[in-house]
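Structure first, commentary second.
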Amino acid sequence: MVTMERCEEPTDQPVWVRSLIGWHVVFWSLLGVTAIASLLSDLSSDRQIVYLSLLGVFGIGYQLVAKPAMTSRARLPSHLYRLLMIACVGGMVAIYPQSIFVLFIVSAQIWLLSEGIPDGVLFTLALLATVGAAQLWASGWTTAAAMEIWPWLLISLVVSVLFGVWVERVINESEQRAELISELRATRDELAAAHHTAGVMAERERMAREIHDTLAQGMTSIVMLSQTAAVELSRGAVEPAAGRLAAIEDTARENLAEARALVAAFTPVALTGATLAEVLRRQGERFAAETGVDVQVSLDMGDDEVAALPQGQQVVLLRAAQESLANVRKHAGATRVRIKLGLSADGVAIEISDDGSGFSPSAPADGYGLAAMRGRVEESGGTVSVDSAPGRGTRVQVLIPATGQED
């Protein structure tokens, strides 16, 4: 059986995790623009050093703490980074008020690291309060500056919360989708394993039927022939015993060929060089020679029609005849057996009847033969009917539909 390994797709990650690279690019771009703007400003050397130091601490904290926390969703690193970020941004705005535009990316980071809406709102309020205080400090704590700042802070709060609600929804839906995909893949793997197990069991059952219909029956013939030869030798009947030994050799050779055919494929070795009609005749002749039972094989269809039957149908019909003959040998005690192969309105049918002791079809079966026959025929879409009663012989009919068969 050929198995294929399934490679995991990179799309297993939630969409918000895959989009983080965009946020990283924007963050470092803004940080670079801010650094360049501060260097081009009229800040004093001391203020520039402090400003760039705050900018560096901010960047290092983002790289070492924020980036891992965005994917791990760890609480402590998220809290520590956001506190550090608020302190750095507040200091940067106090020194260089024009760097207020970094709030664009900073507000998004607060929500990307939040555990929920309350958590995000709390840190947003802390950020805006710190930045507002830094702006007031830079403007000299004047009333006019306060009147200009507080409407802007209110608008920023509303926009940030709306953005945060959207981010939170995207993250939740992405995580739910990822969990659903994981469950679906687990279910698919379980289903594939179940199908594999069912296939293995079906193949084992098929092998069991093949072995039962070929090797087991051949071994039964060898045992019975050897027992008969032993009795004849004990009576001094050398010539009949020699005939039995020759039959044992033929049966053993045929069993060996069947075993090799089972290893190579499932087509009966008898059908590889002859038609079903020829094989049925040979089976009847050999059975008559081994048991002394009168066996007659009749065909209600021409040899060319039999040869034109699909290979699968021929196998099923042959196995049905072999199993029926094996049951006659082991149980029936019959003196006459009739094998009839022909076409009907519903398809091709084979009938095996004997005048033996019969049995009750409704009684629990001791062996595997009839059950194996039914399983094989039903797999081909056919039916098996058994008509028997104690003392009235047995008739087995197998019907295979003429359509829907595989070659």
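Remember, this note's numbering sits 15 above the position in the sequence shown when you count from 1. Note that beta-carbon positions come from the ideal geometry of N, C-alpha and C, so glycine has one too. From a predicted model like this one, the values you see are computed outputs, not experimental measurements.
What are the residues that DSSP puts in a beta bridge with residue i?
{"i": "Arg410", "result": "Ser368, Asp402"}
{"i": "Asp309", "result": "Arg351"}
{"i": "Val363", "result": "Leu358, Ile415"}
{"i": "Leu314", "result": "Leu356"}
Quick one: residues in its chain with C-beta nearer than 8 angstroms to the C-beta of residue i, no 5 flanking neighbours on either side, listed in chain order?
{"i": "Arg407", "result": "Gly373"}
{"i": "Ala89", "result": "Pro83"}
{"i": "Ile115", "result": "Val108, Val146, Gln150"}
{"i": "Gln78", "result": "none"}
{"i": "His39", "result": "Lys82"}
{"i": "Arg62", "result": "Ile110, Tyr111"}
{"i": "Val65", "result": "Gly106, Ile110"}
{"i": "Pro405", "result": "Ser372, Gly373, Phe374, Ser375"}
{"i": "Gly397", "result": "Val331, Gly362, Val413, Leu414, Ile415, Pro416"}
For the alpha helix (DSSP H) containing residue i, list its first residue and its last residue.
{"i": "Val40", "result": "35-55"}
{"i": "Lys82", "result": "82-87"}
{"i": "Phe138", "result": "132-154"}
{"i": "Thr235", "result": "232-249"}
{"i": "Gly105", "result": "90-110"}
{"i": "Arg334", "result": "326-342"}
{"i": "Ile125", "result": "118-127"}
How is the beta strand (DSSP E) around residue i delimited, first residue to last?
{"i": "Ile75", "result": "Run containing Ile75: none in the beta strand (DSSP E); it sits in the alpha helix (DSSP H), 60-76."}
My assumption, with CB atoms under 8 angstroms, is that residue i sits in contact with residue j. Please give the rounded CB distance.
{"i": "Tyr111", "j": "Leu58", "result": "6 angstroms"}
{"i": "Ala292", "j": "Val321", "result": "4 angstroms"}
{"i": "Ala341", "j": "Gln232", "result": "5 angstroms"}
{"i": "Ile365", "j": "Leu356", "result": "5 angstroms"}
{"i": "Val117", "j": "Thr49", "result": "6 angstroms"}
{"i": "Tyr506", "j": "Val121", "result": "There is no way to answer for residue 506, as the model of the chain reaches only from 16 to 422."}
{"i": "Met162", "j": "Leu127", "result": "Not confirmed; about 33 angstroms, so no contact."}
{"i": "Ala272", "j": "Leu240", "result": "Contact flag wrong, Cβ pair sits at about 18 angstroms."}
{"i": "Val401", "j": "Pro376", "result": "5 angstroms"}
{"i": "Met388", "j": "Ala347", "result": "Not quite, the Cβ-Cβ distance comes to about 16 angstroms (not below 8 angstroms), so this is no contact."}
{"i": "Ser236", "j": "Thr202", "result": "Their Cβ separation, rounded to whole angstroms, is 50 angstroms, which puts Ser236 and Thr202 out of contact at 8 angstroms."}
Near residue i, which residues of its chain fall below 6 angstroms by C-beta distance, leaving aside the five closest residues on each side in sequence?
{"i": "Arg351", "result": "Asp309, Asp370"}
{"i": "Leu142", "result": "Ile101"}
{"i": "Ser339", "result": "Ile367, Val411"}
{"i": "Thr409", "result": "Asp369, Gly373, Ser403"}
{"i": "Gly76", "result": "Tyr96, Leu99"}
{"i": "Ala303", "result": "Val310"}
On a Cα-Cα basis, can you pick out the residue from the options that is closest to residue i?
{"i": "Pro92", "options": "Gln63, Asp61, Ser129, Val72", "result": "Ser129"}
{"i": "Val238", "options": "Gln337, Val117, Lys345", "result": "Lys345"}
{"i": "Gln337", "options": "Leu314, His94, Asp318, Gly299", "result": "Gly299"}
{"i": "Val343", "options": "Ala323, Ser403, Thr290", "result": "Ser403"}
{"i": "Val330", "options": "Val246, Ala81, Val392", "result": "Val392"}
{"i": "Val41", "options": "Phe119, Ala52, Val176", "result": "Phe119"}
{"i": "Gly258", "options": "Ile354, Ala244, Glu269, Asn270", "result": "Ala244"}
{"i": "Ala52", "options": "Ser154, Asp61, Leu67, Met216", "result": "Leu67"}
{"i": "Ala349", "options": "Leu295, Thr306, Thr202", "result": "Thr306"}
{"i": "Pro416", "options": "Val401, Ser395, Glu264, Pro405", "result": "Ser395"}
{"i": "Val312", "options": "Arg296, Pro255, Ile132, Thr290", "result": "Arg296"}
{"i": "Val180", "options": "Ile132, Ala159, Asp61, Gly390", "result": "Ile132"}
{"i": "Gly390", "options": "Ala256, Glu220, Phe302, Pro325", "result": "Glu220"}
{"i": "Val363", "options": "Pro376, Val401, Ala323, Ala386", "result": "Ala323"}
{"i": "Val176", "options": "Gly397, Ile125, Leu385", "result": "Ile125"}
{"i": "Ala289", "options": "Thr158, Ala386, Leu333", "result": "Leu333"}
{"i": "Gln113", "options": "Ser189, Ser56, Asp318", "result": "Ser56"}
{"i": "Ala123", "options": "Arg268, Leu199, Val174", "result": "Val174"}
{"i": "Thr139", "options": "Arg301, Thr158, Leu168, Ser249", "result": "Leu168"}
CB-CB under 7 angstroms to residue i, same chain, minus the five flanking residues each way: which ones, in chain order?
{"i": "Ala279", "result": "Only weak support exists for where Ala279 lies, its pLDDT of 49 falling under 50; the value from the coordinates is given anyway. Closer than 7 angstroms at Cβ, skipping near neighbours: no residue."}
{"i": "Cys103", "result": "Leu69, Val72, Phe73"}
{"i": "Leu260", "result": "Ala244"}
{"i": "Pro255", "result": "Glu247"}
{"i": "Leu35", "result": "Met85"}
{"i": "Glu264", "result": "none"}
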